[in-house]
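*Asks:*
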Amino acid sequence: MAGPGEYLPDVTEGTTCVEDLPEPKIIPRTFSHRRRPCPRCGHSSYRDGTSQRSLHDLGDLVSGRPHEIHLTYSLHYCSKCRKYFNADMSALAPPGSHYTNRVIDLAVRVVVEDGLPYRAASWHLWRDHRVFVPFATIQNWVEAGGKKGRESHRGRLSGLGVG
Ligand SMILES: [Zn+2]
1 MAGPGEYLPD VTEGTTCVED LPEPKIIPRT FSHRRRPCPR CGHSSYRDGT SQRSLHDLGD
61 LVSGRPHEIH LTYSLHYCSK CRKYFNADMS ALAPPGSHYT NRVIDLAVRV VVEDGLPYRA
121 ASWHLWRDHR VFVPFATIQN WVEAGGKKGR ESHRGRLSGL GVG
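The opening position of the sequence shown corresponds to residue 1 in my numbering, with each subsequent residue numbered one higher.
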């Protein structure tokens, strides 16, 4: 494995626009349940519809294509709180994120544990894991992780076959 700075030639070297990247492979996934407990009061709440979000995941080095998860998730209505909530997808990705947990964990790890600068980390993720993450996004994750003191990177990475 090459160390920082030892960049190997790559067919996508020099790629600067997301539009120039290979077509992602779409992976449909579903987090839809008939009933879910309300996060506020715990009341078992029926599904009231579904919605969708897209998540960038670790890609496929054999095909060279990024993986994009098209996630369908259930919306629930708590009749006690009179509020809507989403099915809990935090096992897969943080709320509002465009990337899966394992992409974030890996990106933070290569910076914090392996000591790669942000730009090199961004390139490493693309070259070795086929996921495109702007270096500023990685910087945000690392800085947010430092403030919150996340210590679960190791635990969640083991078992996923990463690293
Ligand atoms: Zn409730």
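Glycine is no exception: its CB is placed at the ideal position from the N, C-alpha and C atoms.
In this text, all values refer to a predicted model and were calculated from it rather than measured experimentally.
Could you work out which residue in His76, Gly96 and Asp88 is closest to Asp48 when comparing CA atoms only?
*Replies:* Considering only alpha carbons, the answer is His76.
*Asks:* Relative to the alpha-carbon of Lys25, which residue among Ser44, His56 and Phe31 has its alpha-carbon at the smallest distance?
*Replies:* Of Ser44, His56 and Phe31, the residue nearest in Cα terms is His56.
*Asks:* Assuming Trp141 and Val108 are in contact, meaning their beta carbons sit under 8 Å apart, how far apart are those beta carbons, in whole angstroms?
*Replies:* 5 Å between Cβ atoms; contact.
*Asks:* Would you call the CB atoms of Ala164 and Arg36 closer than 7 Å?
*Replies:* The shown model of the chain, from 1 to 163, leaves out residue 164, and the question about it has no answer.
*Asks:* According to the neighbour-count rule (16 or more other Cβ atoms, all chains shown, within 10 Å of its Cβ), is Thr30 buried or exposed?
*Replies:* By the 10 Å Cβ count, Thr30 comes out exposed.
*Asks:* Any chance the CB of His129 is under 6 Å from a heavy atom of ligand 1?
*Replies:* Outside the cutoff, so no.
*Asks:* First and last residue of the alpha helix (DSSP H) that includes Leu125?
*Replies:* Run containing Leu125: Tyr118 to His129, per the alpha helix (DSSP H) assignment.
*Asks:* Check each candidate in Asn101, Cys81, Ser45 and Phe135 and name the one with the smallest Cα separation from Met89.
*Replies:* Ranking Asn101, Cys81, Ser45 and Phe135 by Cα distance to Met89 puts Asn101 first.
*Asks:* Where does Pro66 land, buried or exposed, given buried means 16+ other C-beta within 10 angstroms?
*Replies:* Buried: at least 16 other Cβ atoms inside 10 Å.
*Asks:* When burial is assigned at 16 or more other CB atoms within 10 Å of the CB, is Gly145 buried or exposed?
*Replies:* Buried.
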